[in-house]
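Heads up, the thing below is written out as structure tokens.
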Amino acid sequence: MSYPFTEISEIIGSQQHALQFRYLRVLLQGNNGLIPDFTYQLLVNALRLSHDTPDHAIPLLFKSARYKNTLNGFHPFHSMFTAMDICRQQSSLNIDWQEKPSVMTIMSLPLVEIFNFDETAEGLEFLQHESAKTSKVQDFFEYNYDRNQFQLITKTACQKRNTWTKINRALLRQDITYKTFIHNNNTEDNLNLQPFNNTLIFQQVPILHLPDKEIRFIMQSMNNIDVGSHFNKNVTKKQWTAFYKNNMHYSARNVWYRMLHNQTSNKLALYQRGLSHIESDRCDLCNEVEDAKHLLISCAHKIDVWNSTFNEFLGYPKSADPHLVYKSIMLLKLDRYFIYSYDMQFTIYDFFATIIRMIWRHHYSQHFNAIPFDHNHVSSQISAELIRLSSLKKL
């Protein structure tokens, strides 16, 4: 029995929601040290290049700038865009601007963002066409410094003359009107989106519209450690800090984090939700009830992997007790496990994370790719990965 991807993707990862507003604030206000510089630069470049904009904040602030967007699922931008749209729903661009956007900033915006109009109104369908969606303000407007106002460029100077004609006609008929910031601008020669950032409402009011109580709590918290403590009272702040600061593969961290928050995709959890695609809560390998512990540790096929890896890399213990291993993972208490050789440069977090990641990957390879779960093959993959990690840390 395979797990439908659409059903599994419904189980939302807590970590993603806990981080999205923290990342958004950094992206909108500039990197102030809350996330690593390299991560910040990757996000900035990806946002700017994938949406063909001069500034990475434009697709975050303006939904119409995402016309190229095909993101879905757990992609971080998808989560960020959703959060931004919630903020924008509670914010109005028709306000008294304390800080006025510059002419250059307005010229860089998507064309439709400067207009008020009814999307269902007859005769305005052209604003939904690709010609308008892909256009920026500068494609149709120029700034008259003598009159201190924006005006349409001449029709002969416009490359999209059919759209120009329709915009001109709609403005004359007042089917579309300018948003107030068009008349509240400054002529500074710089691109500055801070005036638009200032209109956002990051408070709890928009967040409370979300239907799920636990997700609301996660999104309201700006402190990851507080979020973790809410779901797992037995883990101390010091242990959470160590977990967050420890480098590990992103997919291993995600699975581990979901275990800590009881959000792992397992047969029992899916079956209890009454999903039509899940016929039973039994493990496909051994026919026992498949909860998170069974999925990753106590299944007879999985515990063989743990025993083999413990015996190869640990000085103590040399074999795995399923109950103790699960307890250690859930409480982040790994101080009873000792790597046997000082030549091995990986940490005990690396050790556990690698086992969790490989078991998870090969378990779902069986479902999605029909590749049988072979504990010997999985163990050899773990061994190779740990040796690779050790070699990298010696460099």
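Quick note on numbering: the UniProt record's numbering labels position 115 of the sequence shown as 115, and the sequence is numbered without any gaps.
All C-beta atoms in this analysis are idealised placements derived from N, C-alpha and C, irrespective of residue type, glycine included.
These numbers were taken from a predicted model, which means no experiment stands behind them.
> In three-state DSSP terms, what is ASN162?
Replying inline: Numbered from its first residue, the sequence shown carries residue 162 at position 162. DSSP places ASN162 in helix when its eight states are reduced to three.
>> For PHE338, count the other beta carbons within 10 Å of its own beta carbon; 16 or more makes it buried, fewer makes it exposed. Which is it?
In response: Translated into the one-based positions of the sequence shown, residue 338 becomes position 338. By the Cβ neighbour-count rule, PHE338 is exposed, with fewer than 16 other Cβ atoms within 10 Å of its own.
>> I need the straight-line Cα distance from ASN186 to ARG258, nearest angstrom please.
In response: Counting from 1 along the sequence shown, the entry for residue 186 is found at position 186. Counting from 1 along the sequence shown, the entry for residue 258 is found at position 258. Going from the Cα of ASN186 to the Cα of ARG258 covers about 48 Å.
>> Looking at HIS362: is its Cβ nearer than 8 Å to the Cβ of ASP304?
In response: Position 362 of the sequence shown, counted from the start, is the residue given in the question as residue 362. Position 304 of the sequence shown, counted from the start, is the residue given in the question as residue 304. Not a contact, by the Cβ cut-off of 8 Å.
> Does DSSP put PRO322 in a helix, in a strand, or in coil?
Replying inline: What you label residue 322 is simply residue 322 of the sequence shown in a count that begins at 1. Note: PRO322 maps to helix in three-state DSSP.
> Cα separation between ALA370 and LYS318?
Replying inline: Walking along the sequence shown from the start, residue 370 turns up at place 370. Walking along the sequence shown from the start, residue 318 turns up at place 318. When rounded, the distance between both Cα atoms is 32 Å.
> Per DSSP, THR177 is paired with what?
Replying inline: Taking the first residue of the sequence shown as position 1, residue 177 is located at position 177. According to DSSP, THR177 bridges with ASN116.
>> Check for me: the alpha helix (DSSP H) holding GLN149 runs from which residue to which?
In response: Residue numbering aside, residue 149 sits at position 149 when the sequence shown is read from its first letter. Where GLN149 is concerned, there is no enclosing alpha helix (DSSP H), although the beta strand (DSSP E) around it starts and stops at 149–152.
> Would SER380 be called buried (16 or more neighbouring beta carbons within 10 Å of its own) or exposed?
Replying inline: Position 380 of the sequence shown holds residue 380. Exposed is the call here.
> Name the DSSP bridge partner or partners of LYS136?
Replying inline: Here residue 136 corresponds to residue number 136 of the sequence shown, with the count starting at 1. Bridge pairing for LYS136: PRO110 [DSSP].
>> Comparing C-alpha positions only, which one of MET344, ASP343, TYR349 sits nearest to ARG336?
In response: For the purposes of this step, residue 336 is taken as residue 336 along the sequence shown, with counting starting at 1. Measuring from the Cα of ARG336, the nearest candidate turns out to be TYR349.
> If you run the structure through DSSP and keep just helix, strand and coil, what is PHE351?
Replying inline: The count along the sequence shown starts at 1 and reaches residue 351 at position 351. Annotated three-state conformation of PHE351 is helix, per DSSP.
> How would you write the range of the alpha helix (DSSP H) that PHE38 sits in, first residue to last?
Replying inline: Within the sequence shown, numbered from 1, the residue matching residue 38 stands at position 38. Segment 37–50, the alpha helix (DSSP H) holding PHE38.
> When you compare only the Cα positions, how much space is there between SER118 and SER64?
Replying inline: In the sequence shown, the residue the question calls residue 118 occupies position 118. In the sequence shown, the residue the question calls residue 64 occupies position 64. Going by the sequence as given, residue 118 is Asp instead of Ser. ASP118 and SER64: Cα-Cα distance of roughly 15 Å.
> Which residue or residues does DSSP assign as beta-bridge partners of ASN144?
Replying inline: Translated into positions along the sequence shown, residue 144 becomes position 144. GLN149, per the DSSP bridge assignment.
>> With three or more beta-carbon pairs closer than 8 Å as the criterion, would you say the stretch 97–115 touches the stretch 80–88?
In response: Short answer: they don't touch.
>> For a test of the three-state rule: what should DSSP assign to ASN186, helix, strand or coil?
In response: Within the sequence shown, residue 186 is the residue found at index 186, counting from 1. The three-state reading of DSSP puts ASN186 in strand, counting E and B together.
>> Going residue by residue through the stretch 252–324, where are the continuous alpha helix (DSSP H) segments of at least 4 residues, counting only ones entirely within it?
In response: Listed in chain order, they are 267–272, 300–313.
>> Can you give me the C-alpha to C-alpha distance between ARG161 and LEU152, rounded to a whole angstrom?
In response: Taking the first residue of the sequence shown as 1, we reach residue 161 at position 161. Taking the first residue of the sequence shown as 1, we reach residue 152 at position 152. If I take the Cα positions, the gap works out to 12 Å.
>> Short of 8 Å in beta carbon distance, which residues of its chain neighbour SER131, apart from the five on each side in sequence? Order them along the chain.
In response: Counting from one through the sequence shown, the residue named residue 131 turns up at place 131. So the qualifying residues of the chain are LYS160, ASN162, THR163.
>> Check for me: the alpha helix (DSSP H) holding ILE382 runs from which residue to which?
In response: Counting from one through the sequence shown, the residue named residue 382 turns up at place 382. Counting along the chain, the unbroken alpha helix (DSSP H) around ILE382 starts and ends at 375–394.
> Terminal residues of the continuous alpha helix (DSSP H) containing GLN194?
Replying inline: Here residue 194 refers to the residue found at position 194 when the sequence shown is read from its first residue. Residues 194–197.
> Three-state secondary structure (DSSP) at SER341?
Replying inline: Reading the sequence shown from its first residue, position 341 is the one you call residue 341. In the structure shown, SER341 falls within a coil segment according to DSSP collapsed to helix, strand and coil.
> Which term fits ARG357, buried or exposed, when burial requires 16 or more other beta carbons within 10 angstroms of its beta carbon?
Replying inline: The residue given as residue 357 occupies position 357 in the sequence shown. With at least 16 other beta carbons inside 10 angstroms of its own, ARG357 counts as buried.
> What residue range is occupied by the uninterrupted alpha helix (DSSP H) comprising residue 397?
Replying inline: It is not possible to answer for residue 397, since the shown part of the chain is limited to 1 through 395.
> Would you call residue 471 buried or exposed, if buried means 16 or more other Cβ atoms sit within 10 Å of its Cβ?
Replying inline: Residue coverage of the chain in this structure runs from 1 to 395, which leaves residue 471 outside it and unanswerable.
>> Starting from LEU60, trace the alpha helix (DSSP H) in both directions and tell me its first and last residue.
In response: What you label residue 60 is simply residue 60 of the sequence shown in a count that begins at 1. Here the alpha helix (DSSP H) through LEU60 covers 57–61.
> How long is the line joining the alpha carbons of ASP139 and THR39, rounded to whole angstroms?
Replying inline: Reading the sequence shown from its first residue, position 139 is the one you call residue 139. Reading the sequence shown from its first residue, position 39 is the one you call residue 39. Annotation: ASP139 to THR39 spans about 33 Å, alpha carbon to alpha carbon.
>> Bridge partners for SER102 per DSSP, in chain order?
In response: Here residue 102 is taken as the residue at index 102 of the sequence shown, counted from 1. Under DSSP, SER102 forms a beta bridge with ASN186.
> In angstroms, rounded to a whole number, what distance separates the CA positions of LYS302 and ALA242?
Replying inline: Mapped onto the sequence shown, residue 302 falls at position 302. Mapped onto the sequence shown, residue 242 falls at position 242. For LYS302 and ALA242, the distance between alpha carbons rounds to 27 Å.
> Excluding sequence positions up to five away, which residues of its chain have a Cβ less than 7 Å from the Cβ of LEU268?
Replying inline: What you label residue 268 is simply residue 268 of the sequence shown in a count that begins at 1. In chain order, ASP281, VAL289, GLU290, ASP291 place their CB closer than 7 Å to the CB of LEU268, counting only its own chain and leaving out the 5 sequence neighbours on each side.
> Where does PHE346 sit, in a helix, a strand or coil, going by DSSP?
Replying inline: Counting from one through the sequence shown, the residue named residue 346 turns up at place 346. DSSP, reduced to helix, strand and coil, places PHE346 outside both helices and strands of the structure shown, so it counts as coil.
> DSSP three-state call for ILE329: helix, strand or coil?
Replying inline: Taking the sequence shown and counting its residues from 1, one reaches residue 329 at position 329. In this structure, DSSP gives ILE329 a helical state, which the three-state scheme calls helix.
> Hey, how far is the Cα of ARG173 from the Cα of PHE126?
Replying inline: Counted from its first residue, the sequence shown places residue 173 at position 173. Counted from its first residue, the sequence shown places residue 126 at position 126. Taking the straight line from one Cα to the other gives about 15 Å.
> Once you ignore the five residues that flank ASN144 on each side, which residues in its own chain have a CB closer than 8 Å to its CB?
Replying inline: For the purposes of this step, residue 144 is identified with residue 144 of the sequence shown, where counting begins at 1. Once the five neighbours on either side are set aside, the close Cβ partners of ASN144 are PHE150, GLN151.
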